[in-house]
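Everything below concerns the one structure shown next.
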Amino acid sequence: MSARLATGCLALLAWASSALVGTPAQAHGFGQRYDLPIPLSFYVFGAGATVALSFVMAAMFLQTAHLPDAYPRLPLLRSAASRRWAGRLAIVVRTLAVAYFILMIGAGLFGAQVPLRNIIVVSVWIVGWVVISLCSALVGDVWRILNPWDTLFAAVEKIHGRLRPNHPFGLGRTYPSSLETWPAFLLFVAFAWMELIWDGRDVPARLASAMLVYSGLTWAGMFVFGRTTWCKSAEVFTIVFGIFAQFAPVATDEGSGNGLILRLPAGGLLEDWRTSWAMMLLVIALLATVTFDGLLETPLWAYVDVAVINTPDDSLLWTFFGFSEAAALRVARTAGLMLFILLFIAAFLSICNIMAGVTHGKGGGTLALAHRFVFSLLPISIAYHIAHYFSYLFNGGQLIIPLLSDPFGFGWDLFGTASYQPDIGLVGPILQWYVAVAAIVVGHIIAVCLAHLSALATFGDRRLAMRSQLSILVLMVGYTMLSLWILSQPIVETSSGS
Amino acid sequence: MPSIPRMAMILCGVLTLALFGANAVPGLMSPAVAQSAPSRQFAIAIKDRKVEAAASLLRVSQGDAVEMVLTSDEAAELHLHGYNILLSLTPNVPGTIKFTAKIAGRFPLEAHRFGAASGSQRHRGAGPLLYVEVLPR
Numbered sequence: 030m031s032a033r034l035a036t037g038c039l040a041l042l043a044w045a046s047s048a049l050v051g052t053p054a055q056a057h058g059f060g061q062r063y064d065l066p067i068p069l070s071f072y073v074f075g076a077g078a079t080v081a082l083s084f085v086m087a088a089m090f091l092q093t094a095h096l097p098d099a100y101p102r103l104p105l106l107r108s109a110a111s112r113r114w115a116g117r118l119a120i121v122v123r124t125l126a127v128a129y130f131i132l133m134i135g136a137g138l139f140g141a142q143v144p145l146r147n148i149i150v151v152s153v154w155i156v157g158w159v160v161i162s163l164c165s166a167l168v169g170d171v172w173r174i175l176n177p178w179d180t181l182f183a184a185v186e187k188i189h190g191r192l193r194p195n196h197p198f199g200l201g202r203t204y205p206s207s208l209e210t211w212p213a214f215l216l217f218v219a220f221a222w223m224e225l226i227w228d229g230r231d232v233p234a235r236l237a238s239a240m241l242v243y244s245g246l247t248w249a250g251m252f253v254f255g256r257t258t259w260c261k262s263a264e265v266f267t268i269v270f271g272i273f274a275q276f277a278p279v280a281t282d283e284g285s286g287n288g289l290i291l292r293l294p295a296g297g298l299l300e301d302w303r304t305s306w307a308m309m310l311l312v313i314a315l316l317a318t319v320t321f322d323g324l325l326e327t328p329l330w331a332y333v334d335v336a337v338i339n340t341p342d343d344s345l346l347w348t349f350f351g352f353s354e355a356a357a358l359r360v361a362r363t364a365g366l367m368l369f370i371l372l373f374i375a376a377f378l379s380i381c382n383i384m385a386g387v388t389h390g391k392g393g394g395t396l397a398l399a400h401r402f403v404f405s406l407l408p409i410s411i412a413y414h415i416a417h418y419f420s421y422l423f424n425g426g427q428l429i430i431p432l433l434s435d436p437f438g439f440g441w442d443l444f445g446t447a448s449y450q451p452d453i454g455l456v457g458p459i460l461q462w463y464v465a466v467a468a469i470v471v472g473h474i475i476a477v478c479l480a481h482l483s484a485l486a487t488f489g490d491r492r493l494a495m496r497s498q499l500s501i502l503v504l505m506v507g508y509t510m511l512s513l514w515i516l517s518q519p520i521v522e523t524s525s526g527s
Numbered sequence: 009m010p011s012i013p014r015m016a017m018i019l020c021g022v023l024t025l026a027l028f029g030a031n032a033v034p035g036l037m038s039p040a041v042a043q044s045a046p047s048r049q050f051a052i053a054i055k056d057r058k059v060e061a062a063a064s065l066l067r068v069s070q071g072d073a074v075e076m077v078l079t080s081d082e083a084a085e086l087h088l089h090g091y092n093i094l095l096s097l098t099p100n101v102p103g104t105i106k107f108t109a110k111i112a113g114r115f116p117l118e119a120h121r122f123g124a125a126s127g128s129q130r131h132r133g134a135g136p137l138l139y140v141e142v143l144p145r
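First to last, the sequence lines map onto chains X and S.
Sequential numbering of the first sequence, starting at 30, is according to my numbering.
Sequential numbering of the second sequence, starting at 9, is according to my numbering.
As structure tokens, this is what we get:
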């Protein structure tokens, strides 16, 4: 049922993207980066440090006989008054988020159809995706408060409750448990495709239409299955930002239900997550898509693009399918993205298979181990997010300053910042290199630690745990080297498909 | 549990060493930076909507005064991204892009238009003409 909903949504998105082709995008789209590739020395050093530190960590964990199964938690918002204030603040933030959401859609539909002069494009890709995912990972689950779909639906529920007190809002159907979080997984792949490949990603009206379609889907889902159920299993942003927030130092207090706790970063990942298949694949897809984003900018992918463009004029691509050049590039990228996700899944499962082999099935079979260890990959994913988006966030994110004064591109100057020129030198290459390499190496170390602790908890025996970790160590070192290699490649743009 | 602080200390130590170590090395290993002449000139010919391979990557150092003299065999609208410099070229008449390379980074020089607006769907070899790499000092 919900799978059909998801396919329906995809079909609608595809329709929205083809129905609104009338608005041309600028030749150079959105999201340009001027990063220099990481110099060889940083690459060699980063890779070396990764391998060396992995062994240091392994050696240290060999000596640690005890398992830090309980990490310190510091309760925040202890008094009732502070909780009341936090609640009020949350309502203000929710209202602002909803207002911003409406502004984005309004600007997208009715504002200037120029990517850099319309607030929606920067808001979706930099503020929406990059800032919120990094805040989720490094601070806490901010999306719980920001989620405009949740806020608006909850408001309608509340108003309905006042008007017709004895009639529950919505259909109250039971969400089929066999669906797990598959809708969220499918929606995430669709979202990643839109971010990396879709030609409407920098066309304000098409982006706004896509958001409206997604809003319709979300509210329909909430109406049928209930708001919280839908958020927990299908609202892709709740789930993805929630995954990032497992790493964060601030979390809601599971014990009392209200109030927040401060915990060790990454501490949340130590808990034994009874993850479902869909959830496990989603974590891997997160890793795969952000890496693929980096890969698209390497000369390696530029060769693929050139090869596609240079296929002979009489090949099936042009004659049978009738693709334009841009469409052919998109098809190649789509195939690449899907292949990359499958490749990552295959790599992870085969490592888990080896792990099950060397531990003689003591911690369960391949799949049980895969579910157990998948969250230890998350720090690497967050690290690569930071490495990949750091300069983009600060250099590209400044675009929001003029846009806040003129969100529609009508020539307004609400706050006197409309003429602000972004300083593209704010984050220079040297800082970018340090941040990128430090993030990847540190993220890698945390991942190795987590995997070791998980192994100790799973196998209960140190020698077995060590043996199990060798294969996952190979996977992580390999992945870290791949990330560093991508960052060391010059950023290449071929024709962007518009 | 005394092992955690010790572990943290070792980690901090290794990382600090690591970062300082990396800082010292780039000067030795980074790609060859042309001698730090304050003024850099390049003559670039655009033929068949392309530049020669040797001119497809121009490396300068931060702070250099850069002067690119461009000649094209057909009319072109050029745009140096980042520095945001536009140049219209008429066929076979040299035009100049001059700037001081204040900001480090990798900036594409792209032709937004060649000749009259082309009607064909497929135009081979789209994408930046060349990159200007401004290496940090």
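C-beta: ideal position from N, C-alpha, C; glycine also.
Handout entry: Close beta carbons around residue 164 (chain X), own chain, < 7 angstroms, minus the five adjacent residues each side
Key = 171
Problem - Close beta carbons around residue 381 (chain X), own chain, < 6 angstroms, minus the five adjacent residues each side - result: 395, 398, 399
Exercise for the section: Give every residue of the same chain whose Cβ lies closer than 6 angstroms to the Cβ of residue 77 (chain S), excluding the five residues on either side of it in the sequence, and list them in chain order. Expected result: 51, 102, 104
Handout entry: residue 117 (chain S) beta carbon less than 8 angstroms from that of residue 142 (chain S)
Key = no
Exercise for the section: Could you tell me if residue 461 (chain X) is buried or exposed, where buried requires 16 or more neighbouring beta carbons within 10 angstroms of its beta carbon? Expected result: buried
Handout entry: Span separating the alpha-carbon of residue 393 (chain X) from that of residue 480 (chain X)
Key = 16 angstroms
Practice task
Pull up the DSSP beta-bridge partners for residue 85 (chain S), would you.
Solution key: S:96, S:121
Exercise for the section: Kindly indicate which three-state DSSP category residue 140 (chain S) falls into: helix, strand or coil? Expected result: strand
Handout entry: Continuous alpha helix (DSSP H) assignments of at least 4 residues falling wholly in the segment 297-377 of chain X
Key = 306-325, 328-338, 345-348
Exercise for the section: Run down chain X in chain order and give the residues with a C-beta less than 8 angstroms from the C-beta of residue 58 (chain S). Expected result: By Cβ distance, chain X contributes nothing, its closest Cβ being about 13 angstroms from residue 58 (chain S), past 8 angstroms.
Exercise for the section: Following the continuous alpha helix (DSSP H) through residue 482 (chain X), name the residue where it begins and the one where it ends. Expected result: 458-488
Exercise for the section: Compile a chain-ordered list of the residues in the segment 58-73 of chain S whose CB is closer than 7 angstroms to at least one CB of chain X. Expected result: none
Problem - Residue(s) in a DSSP beta bridge with residue 145 (chain X) - result: Answer is none; residue 145 (chain X) lacks a bridge partner.
Handout entry: The beta strand (DSSP E) enclosing residue 48 (chain S), as first and last residue numbers
Key = 47-54
Practice task
Compare the Cα-Cα distances from residue 85 (chain X) to each of X:260, X:485, X:478, X:325 and report the closest residue.
Solution key: X:478
Problem - Own chain residues within Cβ distance below 6 angstroms of residue 85 (chain S), not counting five before or after - result: 96, 120, 121
Problem - In chain order, each alpha helix (DSSP H) run of at least 4 residues that lies wholly inside the segment 169-227 of chain X - result: 172-175, 177-192, 211-225
Practice task
Would you check if the segment 174-181 of chain X and the segment 115-133 of chain X touch, i.e. whether three or more CB-CB distances between them fall below 8 angstroms?
Solution key: yes
Handout entry: C-beta neighbour in chain X for residue 114 (chain S), strict 8 angstroms
Key = yes
Practice task
Mind checking which residues open and close the beta strand (DSSP E) that includes residue 67 (chain S)?
Solution key: 65-69
Problem - Spatial distance of residue 77 (chain X) from residue 508 (chain X) (CA atoms) - result: 13 angstroms
Practice task
Check the Cβ-Cβ distances between residue 65 (chain X) and every residue of chain S, and say whether any is below 8 angstroms.
Solution key: yes
Handout entry: Backbone CA spacing between residue 123 (chain S) and residue 466 (chain X) [nearest angstrom]
Key = 44 angstroms
Practice task
With 8 angstroms as the threshold, decide whether the Cβ of residue 472 (chain X) is near any Cβ in chain S.
Solution key: no
Problem - Other residues of its chain near residue 82 (chain X): CB distance less than 6 angstroms, five sequence neighbours each side excluded - result: 474
Practice task
Measure the alpha-carbon distance for residue 94 (chain S) versus residue 353 (chain X) and round it to whole angstroms.
Solution key: 28 angstroms
Practice task
With 8 angstroms as the threshold, decide whether the Cβ of residue 491 (chain X) is near any Cβ in chain S.
Solution key: no
Exercise for the section: Would you verify that the beta carbon of residue 54 (chain S) is, or is not, closer than 8 angstroms to some beta carbon of chain X? Expected result: no
Practice task
Decide if residue 332 (chain X) is buried, meaning its Cβ has at least 16 other Cβ atoms within 10 Å, or exposed.
Solution key: exposed
Exercise for the section: Please check if any C-beta of chain X sits within less than 8 angstroms of the C-beta of residue 105 (chain S). Expected result: no
Handout entry: Sub-8 angstroms separation of residue 111 (chain S) and residue 370 (chain X) beta-carbons
Key = no
Exercise for the section: Indicate whether the contact test is met: 3 or more Cβ pairs, each with one atom in the segment 195-210 of chain X and one in the segment 244-258 of chain X, closer than 8 angstroms. Expected result: yes
Practice task
Buried or exposed for residue 342 (chain X), please, with buried defined as at least 16 other CB atoms from any protein chain shown within 10 angstroms of its CB.
Solution key: exposed
Practice task
Quick one: give me the first and last residue of the beta strand (DSSP E) that residue 433 (chain X) is part of.
Solution key: Looking at the DSSP string, residue 433 (chain X) is not in any beta strand (DSSP E); the run it does join, the alpha helix (DSSP H), is 429-434.
Problem - Endpoints, beta strand (DSSP E) assigned at residue 106 (chain S) - result: 103-108
Problem - Status (buried if at least 16 other CB within 10 Å, exposed otherwise) for residue 51 (chain X) - result: Because residue 51 (chain X) carries a pLDDT of 32, less than 50, the predicted location of this residue cannot be relied on, and no value is offered for it.
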